[in-house]
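Visitor:
Protein chains in written order, with our numbering: chain Y, 13 to 558; chain G, 324 to 375.
(1) Distance, Cα to Cα, residue 201 (chain Y) vs residue 154 (chain Y)?
(2) Report all residues from its chain with a CB closer than 6 Å to the CB of residue 375 (chain G); omit the five preceding and five following residues, and keep chain order.
(3) Determine, using beta carbons only, whether residue 457 (chain Y) and residue 103 (chain Y) come nearer to each other than 8 Å.
(4) Can you tell me whether residue 256 (chain Y) is buried or exposed? The criterion is at least 16 other CB atoms within 10 Å of its CB, across all chains shown.
(5) Of all Cβ atoms in chain Y, is any one closer than 8 Å to the Cβ of residue 328 (chain G)?
(6) Taking 8 Å as the cut-off, decide whether the C-beta atoms of residue 559 (chain Y) and residue 263 (chain Y) are in contact.
(7) Take residue 183 (chain Y) and list the residues in its own chain whose beta-carbon comes closer than 6 Å to its own, dropping the five residues that flank it on each side.
(8) Could you pull the start and end residues of the alpha helix (DSSP H) that residue 188 (chain Y) belongs to?
(9) Could you spell out where the alpha helix (DSSP H) holding residue 348 (chain Y) opens and where it closes?
(10) Give me, in chain order, the residues of the same chain whose beta-carbon lies closer than 7 Å to that of residue 178 (chain Y); leave out the 5 immediate sequence neighbours on both sides.
(11) Measure how close the beta-carbons of residue 343 (chain G) and residue 85 (chain Y) come, nearest whole angstrom, since I'm counting them as under 8 Å.
(12) The ligand SAM and residue 483 (chain Y): does the residue's C-beta get closer than 7 Å to at least one heavy atom of that ligand?
(13) Please classify residue 354 (chain G): is it buried, with 16 or more other beta-carbons within 10 angstroms of its beta-carbon, or exposed?
(14) Given a cut-off of 8 Å on the beta-carbon distance, is the pair residue 273 (chain Y) and residue 441 (chain Y) in contact?
(15) Compute the distance between the beta-carbons of residue 392 (chain Y) and residue 186 (chain Y), then report whether it is under 8 Å.
(16) So what's residue 255 (chain Y) in DSSP terms, helix, strand or just coil?
(17) Pick helix, strand or coil for residue 459 (chain Y), following the three-state DSSP scheme.
(18) Closer than 8 Å, CB to CB, is residue 59 (chain Y) near chain G or not?
(19) For the segment 296-313 of chain Y against the segment 56-66 of chain Y, do three or more pairs of beta-carbon atoms, one drawn from each stretch, fall closer than 8 Å, so that the two count as touching?
(20) Would you say residue 366 (chain G) lies against chain Y (beta-carbon separation less than 8 Å)?
(21) Going by Cα to Cα distance, which pick from Y:121, Y:204, Y:146 and Y:259 is closest to residue 512 (chain Y)?
(22) Check whether the segment 330-339 of chain Y touches the segment 226-245 of chain Y, taking contact to mean three or more Cβ pairs, one atom from each stretch, closer than 8 Å.
(23) Would you give the residue range spanned by the alpha helix (DSSP H) that residue 496 (chain Y) belongs to?
(24) Can you tell which of Y:161, Y:236 and Y:475 has the C-alpha that lies nearest to the C-alpha of residue 325 (chain Y)?
(25) Here's a check: name, in chain order, each residue in its chain whose Cβ is nearer than 7 Å to the Cβ of residue 394 (chain Y), leaving out the five neighbours to either side.
(26) Could you tell me the distance, in whole angstroms, from the CA atom of residue 275 (chain Y) to the CA atom of residue 501 (chain Y)?
(27) Could you tell me whether the Cβ atoms of residue 372 (chain Y) and residue 49 (chain Y) are closer together than 8 Å?
(28) Going by DSSP, name the residue or residues bridged to residue 248 (chain Y).
(29) So, helix, strand or coil for residue 297 (chain Y), using DSSP?
(30) Give a yes or no on whether the minimum CB-CB distance between residue 69 (chain Y) and chain G is below 8 Å.
(31) Starting from residue 373 (chain Y) and walking both ways along the alpha helix (DSSP H), at which residues does that stretch end?
(32) Hey, is residue 375 (chain G)'s beta-carbon within less than 8 Å of any beta-carbon in chain Y?
(33) Just reading off the alpha helix (DSSP H) that residue 92 (chain Y) is part of, what are its end residues?
(34) For the segment 273-298 of chain Y, enumerate the residues whose C-beta is nearer than 7 Å to any C-beta of chain G, in chain order.
(35) I'd like the list of long-range same chain contacts for residue 324 (chain G), defined as Cβ closer than 7 Å, with 5 residues on each side in sequence excluded.
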C-alpha cells in the first residue's frame with residue numbers, strides 16, 4: 013500500500029508539473045482553447061487516443077471481452093480504421109482546414125460558422141455542456157472506485173481528490189496543459205498494455221496456442237457450466253466461436269458496442285476539436301502513424317487479454333501456486349468490472365499491479381480533462397459568449413470560470429449517479445452526439461449544397477429521436493435512468509412483448525441504428541428544398557481545402 | 324485460423340492488426356505531405372494562425 017501511494021504521488025506530481033508548463037504557455041484565448049494551433053503531431057495524436065480511451069474501455073470492456081470473447085475485436089477494428097484512419101485522413105484534415113478558414117475555436121463554433129447560425133453554435137454547446145458531465149461522472153465513478161479499493165481512500169474523498177487535481181490543470185492551463193498531460197499519460201498506458209499482452213501470450217504459449225486453448229475451453233463442459241444460461245450469454249457459442257445473429261447479446265455487442273462506439277467517435281466534440289490544434293495536414297498525417305498502433309495496444313490488448321484470461325483463470329497457477337479451475341466470470345466474483353483487476357491481482361507481480369493502477373489513473377484523467385475542457389469551452393465560448401451574445405471583457409477568465417462550472421457539475425453527478433451507470437452513461441453520450449452532430453458535421457465538411465435549415469432540422473431531429481429512443485425504448489439505458497418507469501410504469505415501452513420475440517429484442521437494438529439514418533435523411537430532404545448559401549460563403553469555407 | 328474457431332472473428336483479429344499497420348504505413352508515406360494548398364493560401368493560413 014505504501015509503495016502504491018508513493019508511486020501515485022510521483023505520478024500526480026508529474027501531471028501537476030506538466031499542467032504548470034501548460035499554464036505558463038497559456039497567454040491568450042486561442043492558447044486556452046486550441047493550444048495555439050501549434051501542437052506537435054505526437055502530442056496531438058497521443059492526446060486524441062488517450063482522451064478516447066478511458067478506464068471503462070480497458071476495465072469495463074476488457075471484462076465484457078472476458079464474457080463474450082473475440083466479437084469485441086470488431087470494435088478494435090472500428091476504433092482504428094474509423095476512429096483514427098478515416099477520422100484523421102478525411103474528417104480531420106477537412107475539420108482543420110475549415111476550422112482555420114472560419115477561425116473556429118471550438119467544435120460548436122465550427123458548426124455555427126459553417127452554417128452561419130448562432131443557434132447551432134449555442135444549441136450544440138448546450139448539449140455538450142449539459143450532457144458531457146454525465147459522461148465525465150461515469151469516468152470519475154470508475155476511477156474513484158479504483159482509488160477506494162487500491163489506496164484505501166473513501167469514495168467521496170477519492171472523487172474530490174481526483175477531480176481537484178484534474179480541474180486544477182484544466183482550468184489554469186487549458187488545452188496546452190490537457191494535451192501535455194495526455195501525452196505523458198498515453199505513454200504510460202502504452203507501456204503497461206504492451207507488458208500485459210506480452211505476458212499473457214507468453215504464459216499461454218504464443219498466439220495460435222493461446223487462441224486454440226480458448227477455443228477448446230468453450231467446448232469443455234466443466235469450464236462453461238458456471239456460465240451456461242447466464243442472461244448475458246443468450247446466443248453465445250464460445251469466446252472464439254461468435255454469437256448467434258439477432259439475439260439480445262448479438263444486438264448489444266454489434267449495435268451498441270461495435271456500431272455505437274465505433275462510429276460515434278467521429279462526432280465526439282472533445283476529439284474533433286483536437287484536429288484544429290495542429291498547423292497543417294502534415295501533422296495529421298504523422299498523427300495517423302502514432303494513433304493506429306496506440307489504439308491497437310489499448311482496446312486490442314484489453315479485449316484479447318480479457319478473453320484469454322478465461323484460459324489463465326482455468327488452468328494457470330496464480331502467484332500462490334493455486335489453480336482456480338474456473339472461467340474469468342467466476343474469477344471476477346461474477347462481476348465483469350472486477351475481472352481485469354482480479355486477473356492482475358492474482359497473476360501479476362506487485363510492481364505491475366501498481367503501474368497498472370497508475371495507467372488506469374492516466375486513462376481516466378486524460379479522458380476527464382478533455383471532457384472538462386470541452387464542456388467548459390462549450391459553456392464559456394459557445395453558449396455564453398456566442399449563443400447568448402454576451403459582452404466578454406476577458407475571454408480567458410470566462411472560459412476558466414465555465415470550466416469550473418462544468419467540473420462542479422460532473423462532480424455533483426458522480427456523487428448522485430449509481431456505480432452501475434458507467435457503461436450506460438458512456439453509450440448515452442456517444443449515441444446522443446452521433447445522432448445530433450454527425451450528419452451536419454460530415455455533410456457540412458463535404459457537401460457544399462448543405463443548407464442552414466437542413467443543419468438545424470437534422471440536429472434537432474437527430475437529438476429528439478435519439479433522446480426519445482434512449483429514454484423510452486432502449487432498456488439498457490432507459491432502465492437505469494428510470495424516466496420511462498416513472499411515466500409509464502415500465503422500464504421500456506417494448507417490455508410488454510413476449511421474451512424472445514422480435515418486438516422484445518428491439519429494446520436491445522442501439523437507438524443510433526434508427527436515429528442517425530433519420531438525421532441524415534432529414535438533412536438530405538430539407539437541403540433539397542431550402543435556400544442554399546451564397547457562393548461567396550461557400551468559397552470562404554472551402555478556401556483552404558485545395 | 325490462428326486457433327480462432329470462427330472465420331468472422333479471425334478476420335476481426337487480422338483486420339485490427341491490418342488497420343494499425345495501414346495507419347503506420349500511411350503516416351510514413353505521407354510523413355512530409357503538408358496538403359494541397361498553394362504557397363499563397365498557405366501563407367494566408369499562417370497569417371490567420373499567427374493572429375490568434
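Think of the CB as a built atom: it goes at the ideal place given N, C-alpha and C, for glycine as much as any other residue.
Guide: Well, looking at it:
(1) 17 Å
(2) Only weak support is given to the placement of residue 375 (chain G): the predicted model assigns it a pLDDT of 47, under 50, and the question is left unresolved by the model.
(3) yes
(4) exposed
(5) yes
(6) Here chain Y covers residues 13 to 558 and nothing more, so residue 559 (chain Y) does not appear.
(7) 412, 415 and 416
(8) 167-215
(9) No alpha helix (DSSP H) contains residue 348 (chain Y), which DSSP labels as neither H nor E.
(10) 377, 380, 381 and 384
(11) About 12 Å; that fails the 8 Å criterion.
(12) The model depicted lacks the ligand SAM and carries no ligand whatsoever.
(13) exposed
(14) no
(15) no
(16) strand
(17) coil
(18) no
(19) yes
(20) no
(21) Y:259
(22) yes
(23) 495-500
(24) Y:236
(25) 118, 120, 121, 133, 134, 136 and 137
(26) 33 Å
(27) no
(28) Y:255
(29) helix
(30) no
(31) 362-389
(32) In this prediction, residue 375 (chain G) has a pLDDT of 47, which is less than 50 and means its spatial position is unreliable; nothing more can be read from the coordinates.
(33) 85-92
(34) 291, 292, 293, 294, 297 and 298
(35) 330 and 333
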